[in-house]
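**Q** Here it is, the structure in full.
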Amino acid sequence: MGIGRTGKTLKESEQFARQALEMALGRGGDQAAVKTDNGFEFYGGVSKGVERHTKVKTRIIANSLLELVDNADKIFIMGHKYSDLDSVGSSVGLTCAIRNLGKSAWAVCDYSTSLAKVLIDRFPHVDGEEPLFTEPADAMEELTDNSLLIICDTHNPLIIESKELYEKAKKVVVIDHHRKMVNYIDNAVIFHHEPYASSASEMVTEL
1 MGIGRTGKTL KESEQFARQA LEMALGRGGD QAAVKTDNGF EFYGGVSKGV ERHTKVKTRI
61 IANSLLELVD NADKIFIMGH KYSDLDSVGS SVGLTCAIRN LGKSAWAVCD YSTSLAKVLI
121 DRFPHVDGEE PLFTEPADAM EELTDNSLLI ICDTHNPLII ESKELYEKAK KVVVIDHHRK
181 MVNYIDNAVI FHHEPYASSA SEMVTEL
């Protein structure tokens, strides 16, 4: 349930209500959300979530993502700061899938702060081949107006691997399974959010 209050006009209150409903669904449903000009309030949401994503929705998302990838010159995939196995795993999975389409793609990761070095080290750079990973600073130099940035395993702009890369990117896609937060990336061309999935890697595998 989504409720909008304190809007200056009926139209604004309706917009608040729609935002509240979207937020309630993004947090797993089974709750009411109230949106005012001061923020959100949540009530309920104590029952266990039930899987609700469908193959039809996944196929639609996959087709839309494929179109964006086809039209991009370079694709960069990154997760959150202090990247864990799911953040790196989902980024690597997408990078490899996109490269198999003949496109230039890299997983953006700050190796020095990553908590998944054991996974990253399993993909050593082979001479003569394009490295799978790139540092945020290097990605900043390569990013163009026609590039695509895909963010995995988070939708919170405060904890993404590189805020600078996100702010420079013209087209952004988000793939995440965490409960939706009030502070979320709101300018994504595709916002693939599935709180019933076990991980971002599961979502990438389905795509």
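Residue numbers for the sequence shown follow full-length UniProt numbering, beginning at 1 and rising by one.
Think of the CB as a built atom: it goes at the ideal place given N, C-alpha and C, for glycine as much as any other residue.
None of the values given here were measured: they were computed from a predicted structure.
Ile190 and His155: beta carbons closer than 9 Å?
**A** Indexing the sequence shown from 1 puts residue 190 at position 190. Indexing the sequence shown from 1 puts residue 155 at position 155. Contact: no.
**Q** What is the rounded straight-line gap between the Cα of Val173 and the Cα of Leu149?
**A** For this step, residue 173 is matched to residue 173 along the sequence shown. For this step, residue 149 is matched to residue 149 along the sequence shown. If I take the Cα positions, the gap works out to 6 Å.
**Q** Scan the UniProt domain "DDH" (74-207) and note each continuous alpha helix (DSSP H) run of 4 residues or more that stays entirely inside, going in chain order.
**A** Runs found: 85-99, 117-120, 136-142, 163-168 and 200-206.
**Q** What does DSSP give as the partner residue(s) for Thr36 in the beta ladder?
**A** Position 36 of the sequence shown, counted from the start, is the residue given in the question as residue 36. According to DSSP, Thr36 bridges with Gly39.
**Q** If you compare alpha carbons, which of Asp121, Asp145 and His80 is closest to Lys74?
**A** Along the sequence shown, one-based indexing puts residue 74 at 74. Considering only alpha carbons, the answer is Asp145.
**Q** How far does the alpha helix (DSSP H) with Thr58 in it reach, from first residue to last?
**A** For the purposes of this step, residue 58 is taken as the residue at position 58 of the sequence shown. Run containing Thr58: Lys55 to Asn71, per the alpha helix (DSSP H) assignment.
**Q** How far does the beta strand (DSSP E) with Gly4 in it reach, from first residue to last?
**A** As a position in the sequence shown, residue 4 is number 4, starting the count at 1. Gly4 -> beta strand (DSSP E) spans Gly2 to Gly4.
**Q** Please classify Ser90 as buried or exposed, where buried requires at least 16 other C-beta atoms within 10 Å of its C-beta.
**A** Reading the sequence shown from its first residue, position 90 is the one you call residue 90. Buried is the call here.
**Q** Report the rounded CA-to-CA distance for Thr6 versus Glu22, giving the unit in angstroms.
**A** The residue labelled residue 6 in the question sits at position 6 within the sequence shown. The residue labelled residue 22 in the question sits at position 22 within the sequence shown. Looking at the two C-alpha atoms, the distance is approximately 18 Å.
**Q** Does Leu115 pass the burial test, meaning 16 or more other C-beta atoms within 10 Å, or should it be called exposed?
**A** One-based indexing of the sequence shown puts residue 115 at position 115. By the 10 Å Cβ count, Leu115 comes out exposed.
**Q** Applying the 10 Å Cβ sphere with the 16-neighbour rule, what's the burial state of Thr113?
**A** Along the sequence shown, read from residue 1 onward, the residue named residue 113 stands at position 113. Thr113 is exposed by the Cβ-count criterion.
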